[in-house]
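Asker: Numbering (this note's numbering), first residue to last: 53 to 463.
Sharing a structure here in structure tokens format.
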């Protein structure tokens with residue numbers, strides 16, 4: 053593992069053997085980070101779960117080393133996502149999450165499911181007459197961006213811009229080109245969303261219940277017990293929802309379809325027993341999830357993790373992709389088993405930062421996989437697996453394919 057480039061195409065193609073080595077060696081590992089720095093990786097399931105729920109592993113960049121603050125854009129409210137739940141700790145995080153949870157309810161997600169099914173069917177229709185397609189560009193990308201825009205109330209005519217802006221915001225902060233991409237994407241999205249908020253706010257009726265509001269954006273503007281998100285918090289939260297609600301689901305669909313196509317026994321089992329779909333979705337999240345590592349956390353004091361001490365002020369990545377392949381937690385962890393009964397994976401995180409959008413992500417992916425199985429019984433890879441290319445850019449926390457060429461008339 054020594055000397056391995058964690059952002060190389062070779063590592064990205066299959067990081068799991070390297071992670072298995074790390075799990076055997078120690079609870080945590082120092083590896084080279086941006087700008088000549090060092091970061092820590094936590095790779096074992098038990099340690100990862102502990103760190104995700106431990107307040108000593110803080111999210112607020114005020115605890116970060118100087119290089120990490122510079123990459124984040126300085127103060128936590130100057131980065132591309134501003135001040136939001138992702139980069140705050142209790143009690144500020146608790147307050148923001150409560151306000152967002154009041155608006156982003158399971159009831160709202162349930163109400164959206166028929167529309168998700170319609171969007172999914174429309175995308176499948178568009179691919180159906182073709183001999184081949186790029187499943188990422190023609191299905192996995194447009195589905196979640198359309199859904200999250202409808203959830204928020206983004207007008208149809210404006211939605212095509214958001215996928216582009218999202219990719220700009222996820223550019224690497226460690227290169228001049230990436231910094232400029234993030235700055236420009238942030239500027240464009242801020243300008244659009246600020247104007248949209250100003251247009252919508254006068255029509256918001258605070259007397260209506262959260263679930264009665266016409267869209268999530270309107271619901272986020274409704275105060276709760278005389279508290280509400282500030283303008284800056286609202287802007288940051290919308291951007292976070294757009295990016296988190298898009299990119300992670302894109303990768304989950306792509307990774308999941310690929311995993312099934314490479315394992316015909318599991319694919320045929322799922323075709324034959326569609327009632328296994330909920331378990332299959334959880335297993336695909338565990339087996340090759342959309343988030344390889346959580347964004348940095350920063351130690352507020354020296355933290356002992358087994359035989360290793362992580363010093364105060366360190367930047368730490370909890371490696372979800374490794375934790376969810378830990379043999380001490382999952383039997384036959386490197387095997388895809390869509391009948392797996394005990395599956396407490398960490399793909400959506402753990403603790404106070406557990407993904408608020410998990411119900412929506414599960415709804416989208418179940419409908420997406422069900423539609424693909426029904427509409428395309430002979431779905432197959434159109435190129436050899438070795439020719440697939442995994443995304444390398446960005447902050448290097450996501451795991452997703454650049455393209456997924458498929459044919460609809462496979463053997």
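From the three backbone atoms N, C-alpha and C, an ideal C-beta is built for every residue, glycine too.
Small disclaimer: the values here were computed from a predicted structure and weren't measured.
With a CB to CB cut of under 8 angstroms and the five nearest residues on each side skipped, what residues in its chain are close to residue 198?
Answerer: 171, 211.
Asker: Under 8 angstroms between the Cβ atoms of residue 365 and residue 351?
Answerer: Against a cut-off of 8 angstroms, the Cβ pair of residue 351 and residue 365 comes out as a contact.
Asker: Go to residue 200, then tell me how far its alpha helix (DSSP H) extends in each direction, as first and last residue.
Answerer: From DSSP, the alpha helix (DSSP H) with residue 200 extends over 194-204.
Asker: What's the C-alpha gap between residue 450 and residue 326?
Answerer: Cα to Cα, residue 450 sits roughly 29 angstroms from residue 326.
Asker: Measure the beta-carbon distance from residue 464 to residue 240 and round it to whole angstroms, keeping in mind my assumption that it falls under 8 angstroms.
Answerer: The structure shown does not extend to residue 464, since the chain spans only 53 to 463, so no value can be given for it.
Asker: With residue 64 and residue 442 assumed to form a contact (beta carbons below 8 angstroms), what rounded beta-carbon distance in angstroms separates them?
Answerer: Indeed they touch by this definition, with Cβ atoms about 4 angstroms apart.
Asker: Between the beta-carbon of residue 195 and the beta-carbon of residue 420, is there less than 8 angstroms?
Answerer: The answer is yes: Cβ separation under 8 angstroms.
Asker: Taking the continuous beta strand (DSSP E) assigned at residue 81, which residues delimit it?
Answerer: 80-84 is the extent of the beta strand (DSSP E) around residue 81.
Asker: Need the endpoints of the alpha helix (DSSP H) that residue 307 sits in, please.
Answerer: First-last of the alpha helix (DSSP H) with residue 307: 283-313.
Asker: At the level of alpha carbons, what is the spacing between residue 464 and residue 460?
Answerer: Outside the shown range of the chain, which is 53 to 463, sits residue 464, and nothing can be said about it.
Asker: If you reduce the DSSP assignment to three classes, tell me which class residue 355 lands in.
Answerer: DSSP places residue 355 in strand when its eight states are reduced to three.
Asker: Does the region 394-409 touch the region 358-378, meaning 3 or more C-beta pairs lie closer than 8 angstroms?
Answerer: They touch, by the three-pair rule.
Asker: Kindly identify the DSSP beta-bridge partner or partners of residue 367.
Answerer: Its beta-bridge partners are 350.
Asker: For the region 377-394 and the region 261-278, state whether three or more C-beta atom pairs, one from each stretch, are separated by less than 8 angstroms.
Answerer: Not touching, per the Cβ criterion.
Asker: Give the secondary structure of residue 335 by DSSP, where H, G and I count as helix, E and B as strand, and everything else as coil.
Answerer: Reduced to three states, the DSSP call for residue 335 is helix.
Asker: Kindly indicate which three-state DSSP category residue 431 falls into: helix, strand or coil?
Answerer: Coil at residue 431, not helix or strand.
Asker: Work out the CA separation of residue 254 and residue 58 for me, nearest whole Å.
Answerer: So the two alpha carbons sit approximately 48 angstroms from each other.
Asker: Name the two residues that bound the continuous beta strand (DSSP E) containing residue 362.
Answerer: Element bounds for residue 362: 360-362.
Asker: Consult DSSP for residue 87 and reduce its assignment to one of helix, strand or coil.
Answerer: Residue 87: helix per DSSP, three-state reduction.
Asker: Would you call the CB atoms of residue 6 and residue 190 closer than 8 angstroms?
Answerer: Shown here, the chain extends from 53 to 463; a query on residue 6 therefore has no answer.
Asker: Starting from residue 95, trace the alpha helix (DSSP H) in both directions and tell me its first and last residue.
Answerer: Here residue 95 belongs to no alpha helix (DSSP H), and DSSP marks it neither H nor E.
Asker: Output needed for residue 68: all residues of its chain with C-beta closer than 8 angstroms, excluding positions within five of it in sequence on either side, in chain order.
Answerer: Excluding sequence neighbours, residue 68 sits near 373, 374, 377, 386.
Asker: Can you give the Cα-Cα distance for residue 233 and residue 219, rounded to whole angstroms?
Answerer: For residue 233 and residue 219, the distance between alpha carbons rounds to 9 angstroms.
Asker: How long is the line joining the alpha carbons of residue 304 and residue 382, rounded to whole angstroms?
Answerer: Straight-line Cα distance between these residues: approximately 20 angstroms.
Asker: Nearest to residue 244 by alpha carbon, out of 214, 259, 221?
Answerer: It is 214 whose Cα lies nearest to the Cα of residue 244.
Asker: For residue 186, which three-state DSSP category applies?
Answerer: Here residue 186 sits in strand by DSSP.
Asker: Is any heavy atom of the ligand MG found at a distance shorter than 7 angstroms from the C-beta of residue 261?
Answerer: Of ligands this structure carries none, so the ligand MG is not represented either.
Asker: If I follow the unbroken alpha helix (DSSP H) through residue 69, where does it start and stop?
Answerer: Element bounds for residue 69: 68-77.
Asker: Which residue from 300, 339, 287 puts its Cα closest to that of residue 42?
Answerer: As shown, the chain starts at 53 and ends at 463. That puts residue 42 outside it, with no answer to give.
Asker: So, is residue 265 buried or exposed, given that buried needs 16 or more other C-beta atoms within 10 angstroms?
Answerer: Buried, by the Cβ-count rule.
Asker: How long is the line joining the alpha carbons of residue 362 and residue 261, rounded to whole angstroms?
Answerer: Answer to the nearest angstrom: the Cα atoms are 46 angstroms apart.
Asker: Under a three-way DSSP split, which group does residue 390 fall into?
Answerer: Residue state, collapsed to three classes: coil.
Asker: List the residues that DSSP assigns as beta-bridge partners of residue 110.
Answerer: Bridge partners of residue 110: 350.
Asker: Pick helix, strand or coil for residue 454, following the three-state DSSP scheme.
Answerer: Three-state result, residue 454: coil.
Asker: Buried or exposed: residue 345, going by 16 or more other Cβ atoms within 10 Å of its Cβ?
Answerer: Residue 345 comes out buried.
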